[in-house]
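Structure first, then comments.
Number of protein chains: 2
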Amino acid sequence: MVTIKDVARIARVSVATVSRVLNDSELVRGNTRERVRQAALELGYSPHGAARSLITNRTHTLGVLLPDIYGEFFSEVIRGIDQAAQREGYHLLVSSARDDLESALRSMRGRVDGLIVMSPALDAGASRRSLPERFPVVLLNCPPSDAAYDSLGIANFEGAHAMVRHLAGLGHRRIAIIRGAEKNFDAAERLRGYRAAVKQLGLDASPGLELPGDFSEAAGHAAARTIVESGLRPTAVFAANDCMAIGALSAFREAGQQVPVDIAVTGFDDIPMARYVEPALTSVHVDISALGERATAWLLDALGEPSVRNLRRETLATTLVVRRSCGAQSQ
Amino acid sequence: MVTIKDVARIARVSVATVSRVLNDSELVRGNTRERVRQAALELGYSPHGAARSLITNRTHTLGVLLPDIYGEFFSEVIRGIDQAAQREGYHLLVSSARDDLESALRSMRGRVDGLIVMSPALDAGASRRSLPERFPVVLLNCPPSDAAYDSLGIANFEGAHAMVRHLAGLGHRRIAIIRGAEKNFDAAERLRGYRAAVKQLGLDASPGLELPGDFSEAAGHAAARTIVESGLRPTAVFAANDCMAIGALSAFREAGQQVPVDIAVTGFDDIPMARYVEPALTSVHVDISALGERATAWLLDALGEPSVRNLRRETLATTLVVRRSCGAQSQ
DNA sequence: GGCCGAAATGTAAACGTTTACATTGCCTTT
DNA sequence: AAAGGCAATGTAAACGTTTACATTTCGGCC
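Residue numbers (the numbering used here), protein chains in the order written: chain A, 3 to 333; chain B, 3 to 333.
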């Protein structure tokens, strides 16, 4: 392994000079600068990241902690993060730590300059305590907490509320919801938005209309079957995410129910697939990659000025995307 | 920042002993072991990754270099990698380096123990030369090269060949192909498979039946329009990936052509979306996450025994998935 | 020509670990 | 009781950088 010493030897200078050249210091003569550059190139030298990190206390790496690496959502969010990070020359240390956030966090110490943590579990308070005190962290889609971290999320409540309003506007009075995962913050917020709208608009509010789910396609399928077999007879079904909506679509098709004629179905997230299913799915659009980009921007910001800053807390707006599955005429 | 020295001081032992405890060395008495554990816990100590890497020359991190972080393919492959890596306690340093593989590689020096590189560009020979000589690397979906690296890919040729055979078996004689990106290895192989099958089965082989594409949905849409407007009149269209097939589906629908009655459409990759489009897409299934898992397994293997091993080279089999878009009765 | 200050370069400490080697203490053996 | 051996612990060097500080070089000025 070729080190800075080798370069120094070849260029006939001290290691300090080599280091200076490589870090674009001003105080080295053009002459020697060239000699060093040449030597480095010749030897195919590139500095040892760990050694550099040790002394500078900077890794130029951002840690990304996700509950699970799965599906389109993850893909999009990490794309946004990567884009923003790469622009500033930062690397990404990615880890899916559904089971053990704590240990994942520990093992990232001394490896990253900051963290983007997505842990929508409602009871994650404990693991969050294991974050170092004054370490730059941005929370993604996390329940609001007393913790002193920047926090970024999406407008779950408002999105769900808007969706129910939209359905009500189409004349629906009995709207069922397929709930998201238990203990999931996003799921809880969407449910809250649903309930608020139902109450506000004076819609039918039987507890039976709230079906359990866990964000999986299978759960959507099961919920739709329950609806078909029970006597609930809702005229519309709002699934807490698109996957479940898609599962519901196929269940209804199997049961011989026509969507949207017999029953309207809508989702949440507007994943790319939503526009391709049959019928195309009405959903709540979330700009997922923007979420990642923004989180990264914040984090890099915080890295720049590690002084005490006031907490940032923001909720990204959502927009209703009307397609055929809800039965509205507008395409 | 709490270091090993602090722990040593609190536990009233030397740093060596602390280190030994933390690395599960046998030669420390249960008594002191407990004292150290206690102190570490109390202080919330966790070892500094960079410092550790510097001395051990191990980072416990795998580098993942992708041409682009985009869409389902990436998501799946990285999921496979992550799964396998996590099992062995390895981290993932992910980077999308479409533009500058070279610099991405350099900046990973001293940060990773091995690399998984996916660079399907046909002219990537140059950048590959910038890989350190005897460094563990697994190439993914790369053109075969003289380079001395393990290489893992998918059976593009065979998959395309099988698809054309399948279509021919349904009675099609004029089968068009929407080609993948120029200079892309996978694309070239799929084209080769198409041509071989066409020739072997004595199908119509007009050059006009080979339409340009770049793996994007838009390209598929454009190609389908060309087909509709030209006098080519193929009875089946084989798109080199599912995205393009989906684009073609929508173009045909807009043109009032019924799939599969008027024209059959098939794809490649079998992304999750394929089964949800209307009509469900016949495709060539590739187990993408298995690709990632296997690559990781190889890499970890190589890390274990850095002696001279013979090169591994493997091609993952594909399977035909018949759905409605090709017009076969079998569901 | 000697001196001064600035510019260029060198020297060595520091970063937080691991680990080879040295030291200590204790038990067994004679 | 002395010697020897082994288990437990300590000491310090090493890893490859960066950087504060020391030293050298050099040009210009008197």
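Built from N, CA and C at the ideal position, the CB exists for glycine as well.
Please read all numbers here as calculations on a predicted model, not as lab measurements.
Below-8 Å beta-carbon distance, residue i vs any chain A residue
i      : result
B:G269 : no
B:A52  : yes
B:Y151 : no
B:S218 : no
B:T284 : no
B:I6   : no
B:M120 : no
B:G334 : The question about residue 334 of chain B has no answer here: the residues shown for chain B are numbered 3 through 333.
B:F76  : yes
B:M275 : yes
B:R111 : yes
B:L141 : no
Through-space distance from residue j to residue i, alpha-carbon basis
i      : j      : result
A:D26  : B:R227 : 54 Å
B:L18  : A:T61  : Looking at the sequence shown, residue 18 of chain B is not Leu but Ala. The alpha-carbon atoms of B:A18 and A:T61 are separated by roughly 26 Å.
A:A183 : B:A87  : 27 Å
B:L29  : B:E90  : 25 Å
B:L95  : B:M110 : 8 Å
A:T320 : B:I273 : 27 Å
A:P69  : A:A242 : 18 Å
B:H223 : B:N143 : 26 Å
A:I177 : B:P145 : 54 Å
B:R108 : A:V66  : 22 Å
A:V23  : B:R113 : 22 Å
B:D244 : B:A225 : 14 Å
A:N158 : A:T317 : 9 Å
A:S252 : A:E160 : 28 Å
A:A11  : A:G32  : According to the sequence displayed, residue 11 of chain A carries Arg and not Ala. Cα to Cα, the separation comes out at about 18 Å.
A:I6   : B:L301 : 28 Å
A:V9   : A:I80  : 37 Å
B:D115 : A:E307 : 32 Å
B:G82  : B:F75  : 11 Å
A:H93  : B:A190 : 32 Å
A:F254 : A:I248 : 10 Å
B:R39  : B:D303 : 32 Å
B:V324 : A:V324 : 32 Å
Min CB distance residue i to chain B below 8 Å
i      : result
A:A128 : In this predicted model, A:A128 has a pLDDT of only 49, less than 50, meaning its place in the structure is not dependable enough to derive any value.
A:H174 : no
A:D244 : no
A:M137 : Note on identity: in this sequence residue 137 of chain A is Phe, with Met being the wrong assignment. Chain B contact via Cβ: absent.
A:S208 : no
A:R39  : no
A:H93  : yes
Residue closest to residue i, alpha-carbon to alpha-carbon, out of the options
i      : options                           : result
B:T34  : B:L45, B:S21 and B:G46            : B:S21
A:S218 : A:I83, A:R14 and A:R181           : A:R181
A:R136 : A:L318, A:N312, A:A319 and A:T320 : A:N312
A:L154 : A:R176, A:A292 and A:D70          : A:A292
B:S232 : B:E212, B:M120 and B:F75          : B:E212
A:A221 : A:L203, A:A250, A:K201 and A:V200 : A:A250
B:R314 : B:P138, B:D152, B:K201 and B:G306 : B:D152
B:A13  : B:R31, B:T5 and B:A42             : B:A42
A:M3   : A:A257, A:N59, A:R11 and A:G46    : A:G46
A:L322 : A:F240, A:L203 and A:L301         : A:F240
B:R175 : B:D188, B:L234 and B:L117         : B:L234
A:G78  : A:A190, A:D303 and A:D289         : For the sequence presented, residue 78 of chain A should be read as Glu rather than Gly. Of the candidates A:A190, A:D303 and A:D289, the one whose C-alpha sits nearest the C-alpha of A:E78 is A:D289.
A:V279 : A:A304, A:M246, A:A257 and A:L305 : A:M246
A:V139 : A:I118, A:P122, A:S147 and A:I229 : A:I118
B:R37  : B:S147, B:S16 and B:I57           : B:S16
A:G215 : A:S105, A:R192 and A:A304         : A:R192
B:G258 : B:V230, B:Q40, B:A276 and B:T237  : B:V230
B:S105 : A:M120, A:L141 and A:S48          : A:S48
B:V200 : B:D188, B:I179, B:S97 and B:F187  : B:I179
Do the stretch 286–304 of chain B and the stretch 197–210 of chain B touch if we need at least three Cβ pairs shorter than 8 Å?
no
The stretch 323–331 of chain A touching the stretch 255–262 of chain A, judged by at least three CB pairs closer than 8 Å
yes
The stretch 51–61 of chain B contacting the stretch 267–280 of chain B, beta-carbon criterion three pairs below 8 Å:
no
Give, in chain order, every unbroken run of the alpha helix (DSSP H) that is at least 4 residues long and sits entirely within the stretch 15–53 of chain A.
17–24 and 32–45
Please determine if the stretch 171–180 of chain B and the stretch 275–287 of chain B are in contact, where contact requires at least 3 C-beta pairs separated by less than 8 Å.
no
Are the stretch 190–202 of chain B and the stretch 158–168 of chain B touching, with three or more C-beta to C-beta distances below 8 Å?
yes
Going residue by residue through the stretch 120–202 of chain A, where are the continuous beta strand (DSSP E) segments of at least 3 residues, counting only ones entirely within it?
139–142, 152–156 and 177–180
At 3 residues or longer, what runs of the beta strand (DSSP E) sit wholly inside the stretch 249–307 of chain A?
266–268 and 285–287
For the stretch 57–106 of chain A, which segments carrying the beta strand (DSSP E) assignment without a break, of at least 3 residues, lie completely within its bounds, in sequence order?
63–68 and 93–98
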